[in-house]
Each structure stands twice: as C-alpha cells, then as structure tokens.
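Read in order, the letters of the sequence shown are residues 1 to 715 in the working numbering.
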Amino acid sequence: MAKVNCYVDIHPLLPEDKIATAVSIYKRLKTGERIKIGKIDSSNKLSEKELFLSSDGRGLEYGPSKKSGNIFLFTDMSQVYTEDKSSKLYSKIKADLDNSIIIVIKTRSGQVLNVFFDNIPEGERFLAFVAYTLQKENSTLSLKSRVQSFWDKANLDRNDNISLQEAKEVLHLFNINMSESKLEELFHKHDSSKDGVLQFDEFYNLYVTLTHRPELEPLFKEYAADGTVMTGEELVKFIMENDPVLTRDMVEKRLEYYDVTLSDVKLKFSEFCNFLLNPEMNSCMRSTAEDDMTHKLTDYFINSSHNTYLSGDQLKSSSTVNMYKQALLSGCRCVEIDCWDGPRKEPVVYHGYTRTSKILFKDVIATVKEHAFTVSPYPVILSLEVHTSDEQSEVMAEYLIKAFGDQLVQSDEALTTAYTPENLKNRIIVKYKMRGETIEDVDEDQEEAEENEKKGKEKKSTSFTTLNDLVGMGAFKTKDWGNDAKYYNVQSFSENAVEKLMENSDKFIEQNTKMLARMYPKGTRVSSSNYSPMTGWALGMQIVALNFQTWDEGMVANSGMFSQNGRCGYLLKPPYLREPGSAKPIGGKLTVRVVCGTQIPKPEMKKKGDIVDPYVKLSINGAHHSSKTKVVQDNGMTPYWDETFTLPFESFELDYLEFRVLDSDFNADDHVCSAVIPVKVLRPGYKAVPMKLANSGMELLGTSLLCHFTIEKDA
Numbered sequence: 001m002a003k004v005n006c007y008v009d010i011h012p013l014l015p016e017d018k019i020a021t022a023v024s025i026y027k028r029l030k031t032g033e034r035i036k037i038g039k040i041d042s043s044n045k046l047s048e049k050e051l052f053l054s055s056d057g058r059g060l061e062y063g064p065s066k067k068s069g070n071i072f073l074f075t076d077m078s079q080v081y082t083e084d085k086s087s088k089l090y091s092k093i094k095a096d097l098d099n100s101i102i103i104v105i106k107t108r109s110g111q112v113l114n115v116f117f118d119n120i121p122e123g124e125r126f127l128a129f130v131a132y133t134l135q136k137e138n139s140t141l142s143l144k145s146r147v148q149s150f151w152d153k154a155n156l157d158r159n160d161n162i163s164l165q166e167a168k169e170v171l172h173l174f175n176i177n178m179s180e181s182k183l184e185e186l187f188h189k190h191d192s193s194k195d196g197v198l199q200f201d202e203f204y205n206l207y208v209t210l211t212h213r214p215e216l217e218p219l220f221k222e223y224a225a226d227g228t229v230m231t232g233e234e235l236v237k238f239i240m241e242n243d244p245v246l247t248r249d250m251v252e253k254r255l256e257y258y259d260v261t262l263s264d265v266k267l268k269f270s271e272f273c274n275f276l277l278n279p280e281m282n283s284c285m286r287s288t289a290e291d292d293m294t295h296k297l298t299d300y301f302i303n304s305s306h307n308t309y310l311s312g313d314q315l316k317s318s319s320t321v322n323m324y325k326q327a328l329l330s331g332c333r334c335v336e337i338d339c340w341d342g343p344r345k346e347p348v349v350y351h352g353y354t355r356t357s358k359i360l361f362k363d364v365i366a367t368v369k370e371h372a373f374t375v376s377p378y379p380v381i382l383s384l385e386v387h388t389s390d391e392q393s394e395v396m397a398e399y400l401i402k403a404f405g406d407q408l409v410q411s412d413e414a415l416t417t418a419y420t421p422e423n424l425k426n427r428i429i430v431k432y433k434m435r436g437e438t439i440e441d442v443d444e445d446q447e448e449a450e451e452n453e454k455k456g457k458e459k460k461s462t463s464f465t466t467l468n469d470l471v472g473m474g475a476f477k478t479k480d481w482g483n484d485a486k487y488y489n490v491q492s493f494s495e496n497a498v499e500k501l502m503e504n505s506d507k508f509i510e511q512n513t514k515m516l517a518r519m520y521p522k523g524t525r526v527s528s529s530n531y532s533p534m535t536g537w538a539l540g541m542q543i544v545a546l547n548f549q550t551w552d553e554g555m556v557a558n559s560g561m562f563s564q565n566g567r568c569g570y571l572l573k574p575p576y577l578r579e580p581g582s583a584k585p586i587g588g589k590l591t592v593r594v595v596c597g598t599q600i601p602k603p604e605m606k607k608k609g610d611i612v613d614p615y616v617k618l619s620i621n622g623a624h625h626s627s628k629t630k631v632v633q634d635n636g637m638t639p640y641w642d643e644t645f646t647l648p649f650e651s652f653e654l655d656y657l658e659f660r661v662l663d664s665d666f667n668a669d670d671h672v673c674s675a676v677i678p679v680k681v682l683r684p685g686y687k688a689v690p691m692k693l694a695n696s697g698m699e700l701l702g703t704s705l706l707c708h709f710t711i712e713k714d715a
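Here you go:
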C-alpha cells in the first residue's frame, strides 16, 4: 500500500572545515559553556534560553525551564534542518529574514525543538555541530555508546538505574523474547551490587549476554590471535581481506575520521559484532562520488520529482513549499512547478483541475533558492507547467531573475555553453518552451484531467514572454527519433506512452542519446503511487519523475539508486545506453549469504503487539520471483538465518539488489523494512546492510542485516 510523508536522511559526511567547527563547539560545551538561543514554543512565542550539554554529555538541554522533557538525546534525534524562510514561524516571531535562522530538531519520541539564532553564521555552526555529533553517535566502535540508547529508553525517569519492570518493557520494545522467569534470573545474576536495580554497567553486561552471537565467534577467532581481543592490526587485516579494493591508507583514514587510533584498538567479541553490523563503519556500498561529471546532460540519470508541491494525493491534498525542501535535501535535481494565474497578480502553484490547495510561486522559488545546492552542487532543473496569462508569466520571470540572476542558464547560452553537470555547477535550468520553438511539450495537467474525465479547459498562453528567454531546457516533440532535436531539448512521456515506445526500444534508446526524455506517472495514479523507475532507466530516459511524497516500491528503488555517486542526484548512464551498438550490458551473478540481523522492529515501529517473526526476501530490481530465507520465530533483536542465494543480474551497471524484511503472520505478512543497493557499488565480503522503515522510508538507526557478498561478472 502506498504511504505518504517520506523522511529526509540525516546529513552525510561533513566537509573538513565544518568538522573542525563542530569539534570546537563540542569541546567548549564539554567545559560547561552555554549557547544563547531563542526558543520558539508550540504557541509560537519566542523566549531567551541557554542550550548546554546534559550532565552525561549525551544530549542537549535548555534552560531555564519549569517543564520536564527538556533534554534532547543525540541517539533519539531523527531530523535536524533549517526552517524555510517562507515559513510562518519567521513572521510570527517577527524575525529579520536576512539575518536570522531557525533550526528544527525532531526526535523519534516526538519531541520538537525550534532553535532561533539572530545570526546566520552562528546558527550554521550550531547545525554543523549537531550533525557531526549525530554522526559520531551512530558510528562508533564502542558498543557501550550504542547500548546507551537502549539504556536511555529503559531509564525513563533518568534516575541512573532501571528496575526489573523497566527491563521487561525495553526488552519487549526491542523484540527480545524471553520468559519472565528467565529474565528475572538473568536480571538478578547481573545485579552485582544486589540492590534490586541495574546500574548502567550492569545493564550493559545484561545486554551483551542477551545479544551474544555464537555464530560469529569462528570469524572473530580467525583474525583475533588470542581469541578474546582483536587488535587494530588484526582489524585492518580483516577489513582489507574482506574488501580487496581497499588500501591500508584508505582504511586508516576511515577509522581516523571516527577518532579511532589503531594502537588503541582492542575489540572484544561483542564489540567486533557491533562493528560488523554497523552500516556506518562497515557499509555494504561505496557512496563516494565516482562518476565522470564532464559528459553532456543526456548521458546522465537525473533524480527527479513529479508534482513536487503535493504532500499527498493528486486530487485534494495540500500543496506546500516544504515538499520542495524535502525533495532537494534528499538529492532531487529536477522539481516540477505547475503555474496558474492567482489573485492580486501573484502566480500560484497547484495541481490544475483539482481541489488541491494553492501556494505562491514566489514562495516556491524562495525555497528552491535556499535549498538548491545544500546537498549537491550540480544543476537544478525547474520543470515548469505554465498555464498563466502573459502578464503573470512576466511576473514569474521577474521572480526568477531576482532570485537566481546569473545562476540562470538562459536561452541565448544554450548553443554556446557546455551542458555538463560539472560546467553547470550551482546553475538553475528552467525547462519550458523556448522562444522560437513552434512545437509545445505535452500538457500534463490537461492530459491527466482528461484521463480522470474532468471537464473545463483553461487555455494557456501561446505567445512568447520574457519567461521564454530564461529557458535553458526547451520542451520539444520530435518527429524523427531525436534527429531533429538538440541536446538541450526535452520531451515528456506518460508511463503509458513509454510502454508503447518499448516496441521500438532500440530507436528510443538511440533518441535518448541526442535529446532528453522525461517520464511521469499516468493520470489515473490519483493516490500518488509510483511506477517502477527501472522502466524508464532501462530505456536511457534521463528524467524519470516520481511522487516523492509517497514511499512505495518505486521510491525505494529511486532512493537506493541515487544513494550512489555521493548522493549528488546525477548518475552516469551505462556505456550501452550512452553509445548504443558499441557496448553491451555486462551480466553476471551475485552470491549473497544472509547471515543475521539486528534490532528488527515491529511493523511501523509499533510498541505493542507480538514480537516479530522475521524473514528476508531478496531480488534483483524488485522482481516478483524473489528468494527468501526461513522464518525466525519471536526474535527481532538477533535473528540468525545463515542462508546463501545466487541471483543472476543482466546489467552490472544498472541493476540493483533489493532486501525486504517481513514479519510472518497467520493472515498476511507485514513488510517491516527494506534496502536497495546498486550492484555496481556493492562491496564484497561481510558487510552491513542499512534498513529503512517500510511505511515511511525513515532510516532505522541500529537496524541492519549482516551479509557476505560475492560478485562475479561475465567475461
């Protein structure tokens, strides 16, 4: 079933300068220094507060405060971001938009902290500090640091100990199945002080006992000479033998990033297991930028959104600028803006012929300007659907010029500018009708209205205005398989039209080397569901637009595919799609040993209900004919499968491996979490597969699968 409201991933690795800033702030806070902030409460009132590290250094606390719950644990934080300047929060507190910034911190337990700074650089430094600290919390060799998050959830009254009842509750929450008598026995066994409660060290030892993984001991002892502790040198040997691509220097730099000194490493078996199952430390994929970014735009897949403004379905949901921010922060490089005449000569954005709400065009542009290049420097495409009068088209042009100025790739540059991602860094490309073009692109809103049998047409302008001069990507309808087009021309196709074009796939693939092609969902997808993007990618289509507000199989695939190349939003197409006839897809087989999992939650993160009975499905490109493991009964914390599967793939450069973890149930199995890993960037050996929640796409920190991968390409 399609679900809405996707989550944006927490920050990737920070640049060196921001790391230095973050470390400096952390050191100052450790000495007791406080940060003066403005706190915006739930009634939008601004008050002066001080932000400081909690006494144990594991969270942020603000004061003075008469309320409890003013501690925000780093291990509980799920989202940290800057609030849009178009947000009503700024106006309600009468903030100076040019010099102030609001940073929002959200936790998995439902807390929200709106932090106001009247100095933007100061706010950005604070944001870097929080992002860096989150990353450190979630990527440490220290098992104690990770167990701390369990302790925090168990020790709800924060009195430095937990009772037997609290231990029962937290173990059930994390899907550890155990009889009350057995738990009571273990509880008292680990209560070394015999005071009827567990201190943290006692709880830690209980956790290690409950999560012991005897199946991994042979692997540990193979590299740990004395059988009890693994040294830094032994860890490096294990990492390099498991992944021959890595050099010693690469391994040392990665460990150095996490403040790990080789000479100090002495991993116990439990800590080695923690390392193996930690995707931050032992990731199954290469995520660094590797593609050559100097090819023409037609040679790339571009992360693209359809009807970006919508927060839900296509007929009556709310339009919001926040969806543009979320899309851009998740790596999207092509957003869609449907423009219509609005009151008081202000163009509006909404889904035409429907009851969706309207937002101002100028607010959309302001949001794009603020977030366009936050996560990627490569060009952002504004795909315009223009239904406005000439007068309001001129207004749109004014807003674009005012916001972006020289960043706009204008029509007169098209023939003289190198259309490559590298050359167009930090540039904005408007996709619409170029001046002088006599053939218009498809009108999506009208086409969708007709598919939904809606009446009432609104004639859009057919003359040319200043807006047409700002177009750097001209809408075009080819009559000769792209031979009559230029590299900056683009034609849009509904998914139905693409299915028909598959009958002439060779010609269409060739066409997509000469001009751009955009694919969008058919109009009958009123629930905002998505098609499989692989349909368009396999034909070499560059702009395969999806409903980003819906986390379904299509978005899972899209998110996984664009997680490679540094999440920059551009992927170089395989050679056989760039130069048809001169290259062929490289096939092969993938051998996957699904060893075990950790912290598999209940479906939709429910706190109540039976403990999960997990099993894993594997497939290439989400195929219906998938392989699956056996079911492990009543164990979400440490499920063990140890099953091996061989999966053939047809294209090493394009295919992806999909994991789906399900909860076996008598009536219907519930989809718990999933992951998509492109075969091209899959790392061999024992690696951790990070998982995302099935119904929302939220990253499940601490949840992963341990697999062993072997990749064999055909000769």
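C-beta: ideal position from N, C-alpha, C; glycine also.
Fair warning: this is a prediction, and the values are worked out from it, not measured in the lab.
| Among all the DSSP beta bridges, which residues are the ones paired with Asn635? | Position 635 of the sequence shown, counted from the start, is the residue given in the question as residue 635. BP columns for Asn635 point to Ile176.
| Roughly how many whole angstroms lie between the Cα atoms of Asn695 and Glu394? | Counting from 1 along the sequence shown, the entry for residue 695 is found at position 695. Counting from 1 along the sequence shown, the entry for residue 394 is found at position 394. When rounded, the distance between both Cα atoms is 42 Å.
| query | Taking the beta strand (DSSP E) that Tyr81 falls in, what are its first and last residues? | reply | Numbered from its first residue, the sequence shown carries residue 81 at position 81. Met77 to Thr82 is the span of the beta strand (DSSP E), which, as asked, contains Tyr81.
| Buried or exposed: Gln165, going by 16 or more other Cβ atoms within 10 Å of its Cβ? | Along the sequence shown, read from residue 1 onward, the residue named residue 165 stands at position 165. Under this definition Gln165 is an exposed residue.
| Would the beta-carbon of Val208 fall within 7 Å of that of Ser270? | Counting from 1 along the sequence shown, the entry for residue 208 is found at position 208. Counting from 1 along the sequence shown, the entry for residue 270 is found at position 270. Yes, Cβ-Cβ distance for Val208 and Ser270 is below 7 Å.
| Do you know offhand how far Ile302's Cα is from Ala688's? | Counting from 1 along the sequence shown, the entry for residue 302 is found at position 302. Counting from 1 along the sequence shown, the entry for residue 688 is found at position 688. Between Ile302 and Ala688, the C-alpha separation is close to 27 Å.
| Inter-residue spacing [alpha-carbon to alpha-carbon] between Phe373 and Leu700 | By 1-based counting over the sequence shown, the position of residue 373 is 373. By 1-based counting over the sequence shown, the position of residue 700 is 700. Roughly 26 Å between the two C-alpha positions.
| Hey, how far is the Cα of Ala414 from the Cα of Asp663? | For the purposes of this step, residue 414 is taken as the residue at position 414 of the sequence shown. For the purposes of this step, residue 663 is taken as the residue at position 663 of the sequence shown. Their backbone Cα atoms lie some 53 Å apart in a straight line.
| field | 8 Å contact criterion, which Leu310 and Ser319 should meet: CB distance rounded | value | Along the sequence shown, read from residue 1 onward, the residue named residue 310 stands at position 310. Along the sequence shown, read from residue 1 onward, the residue named residue 319 stands at position 319. Yes, they are in contact, since the Cβ atoms of Leu310 and Ser319 sit about 6 Å apart, within 8 Å.
| What residues match up with Ala688 in a beta bridge as DSSP calls it? | One-based indexing of the sequence shown puts residue 688 at position 688. Answer by DSSP bridge pairing, in chain order: Ser283 and Leu706.
| said: Using the three-state DSSP reduction, which class does Asn452 fall into: helix, strand or coil? | reply: Position 452 of the sequence shown holds residue 452. With a pLDDT of 48 at Asn452, under the threshold of 50, the modelled position of this residue cannot be trusted; read the value that follows with caution. Asn452 falls in the coil class under three-state DSSP.
| message | At the level of alpha carbons, what is the spacing between Gln314 and Val544? | response | Locating residue 314 in the sequence shown gives position 314, where the first residue counts as 1. Locating residue 544 in the sequence shown gives position 544, where the first residue counts as 1. Rounded to the nearest angstrom, the two C-alpha atoms are 18 Å apart.
| Residues near Glu217 by beta carbon distance below 7 Å, same chain, minus five either side | For the purposes of this step, residue 217 is taken as the residue at position 217 of the sequence shown. Here the set comprises Phe269.
| What are the complete beta strand (DSSP E) segments, minimum 3 residues, inside the stretch 327 to 382? | 334 to 340
| Residue range of the unbroken beta strand (DSSP E) whose run includes Arg593 | Position 593 of the sequence shown, counted from the first residue, corresponds to residue 593. Gly588 to Thr598 is the span of the beta strand (DSSP E), which, as asked, contains Arg593.
| Could you check where the beta strand (DSSP E) with Thr209 kicks off and where it finishes? | As a first step, residue 209 is located in the sequence shown; it is residue number 209 there, counting from the start. First-last for Thr209: Phe200 to Leu210, but that is the alpha helix (DSSP H), not the beta strand (DSSP E).
| Run through DSSP, which three-state label would Ser20 get? | Translated into positions along the sequence shown, residue 20 becomes position 20. It should be pointed out that residue 20 corresponds to Ala in this sequence rather than to Ser. Looking at Ala20 - three-state DSSP - the assignment turns out to be helix.
| query | Among the residues of its own chain, which have a CB less than 8 Å from the CB of Glu510, if the five just before and after it don't count? | reply | In the sequence shown, residue 510 corresponds to position 510, counting from 1. Closer than 8 Å at Cβ, skipping near neighbours: Trp481, Gly482 and Pro580.
| task | Decide if Lys608 is buried, meaning its Cβ has at least 16 other Cβ atoms within 10 Å, or exposed. | result | Taking the first residue of the sequence shown as position 1, residue 608 is located at position 608. Exposed is the call here.
| request: Return helix, strand or coil for Asp469, following the three-state DSSP convention. | output: Numbered from its first residue, the sequence shown carries residue 469 at position 469. Three-state result, Asp469: helix.
| said: Once DSSP output is grouped into helix, strand and coil, what is the label at Ile509? | reply: As a first step, residue 509 must be located in the sequence shown, where it is residue number 509. Ile509: helix per DSSP, three-state reduction.
| query | For the putative contact between Phe649 and Ala675, defined by C-beta atoms under 8 Å, what is the C-beta separation to the nearest angstrom? | reply | As a working mapping, residue 649 is identified with position 649 in the sequence shown. As a working mapping, residue 675 is identified with position 675 in the sequence shown. The pair is not a contact, with the Cβ atoms about 16 Å apart (cut-off 8 Å).
| task | Out of Lys584, Val612, Asp670 and Cys596, point me to the one whose CA is closest to Ser651's CA. | result | The residue you call residue 651 lines up with position 651 of the sequence shown. Comparing Cα positions, the closest option is Lys584.
| Cβ distance (whole Å) where His190 is taken to contact Leu171 below 8 Å | Taking the first residue of the sequence shown as 1, we reach residue 190 at position 190. Taking the first residue of the sequence shown as 1, we reach residue 171 at position 171. So it is not a contact: roughly 13 Å between Cβ atoms.
| field | Whole-Å CB distance - Gly123 paired with Phe117, under 8 Å assumed | value | On the sequence shown, position 123 is the one that residue 123 refers to. On the sequence shown, position 117 is the one that residue 117 refers to. That pair is a contact at about 3 Å.
| task | Could you check the C-alpha separation between Phe126 and Ile25 for me, to the nearest Å? | result | The residue labelled residue 126 in the question sits at position 126 within the sequence shown. The residue labelled residue 25 in the question sits at position 25 within the sequence shown. Cα to Cα, the separation comes out at about 8 Å.
| From Val594 to Val335, what does the alpha carbon distance come to, in whole angstroms? | For this step, residue 594 is matched to residue 594 along the sequence shown. For this step, residue 335 is matched to residue 335 along the sequence shown. Roughly 38 Å between the two C-alpha positions.
| Roughly how many angstroms separate the alpha carbons of Ser563 and Lys182, rounded to a whole number? | Locating residue 563 in the sequence shown gives position 563, counting from the first residue. Locating residue 182 in the sequence shown gives position 182, counting from the first residue. Roughly 43 Å between the two C-alpha positions.
| query | In angstroms, rounded to a whole number, what distance separates the CA positions of Gly587 and Ala668? | reply | One-based indexing of the sequence shown puts residue 587 at position 587. One-based indexing of the sequence shown puts residue 668 at position 668. So the alpha carbons of these two residues sit roughly 35 Å apart.
| Chain-order list of residues whose beta-carbon lies under 7 Å from that of Leu277 (same chain, five-residue window excluded) | Taking the first residue of the sequence shown as 1, we reach residue 277 at position 277. For Leu277, where only same-chain residues beyond five positions count, the Cβ hits under 7 Å are Thr598, Ala688, Ser704 and Leu706.
| request: Check whether the stretch 69 to 80 touches the stretch 102 to 112, taking contact to mean three or more Cβ pairs, one atom from each stretch, closer than 8 Å. | output: yes
| request: Check whether the stretch 556 to 571 touches the stretch 522 to 529, taking contact to mean three or more Cβ pairs, one atom from each stretch, closer than 8 Å. | output: no
| field | DSSP-derived helix/strand/coil call for Glu458 | value | Along the sequence shown, one-based indexing puts residue 458 at 458. The predicted position of Glu458 is uncertain, since its pLDDT is 48 and thus under 50; a value taken from the coordinates is nonetheless stated next. Correct three-state label for Glu458: coil.
| request: Using only alpha-carbon positions, find the residue among Gln199, Ala167 and Asp201 that is nearest to Glu185. | output: What you label residue 185 is simply residue 185 of the sequence shown in a count that begins at 1. For the residues Gln199, Ala167 and Asp201, the minimum Cα distance to Glu185 belongs to Ala167.
| query | Mind checking whether Met473 and Ile429 have CB atoms under 7 Å apart? | reply | Taking the first residue of the sequence shown as position 1, residue 473 is located at position 473. Taking the first residue of the sequence shown as position 1, residue 429 is located at position 429. Against a cut-off of 7 Å, the Cβ pair of Ile429 and Met473 comes out as a contact.
| task | With a cut-off of 8 Å on the beta carbons, I'd call Ala517 and Met541 a contact; round off their distance for me. | result | Residue numbering aside, residue 517 sits at position 517 when the sequence shown is read from its first letter. Residue numbering aside, residue 541 sits at position 541 when the sequence shown is read from its first letter. Sure, about 4 Å apart at Cβ, within 8 Å.
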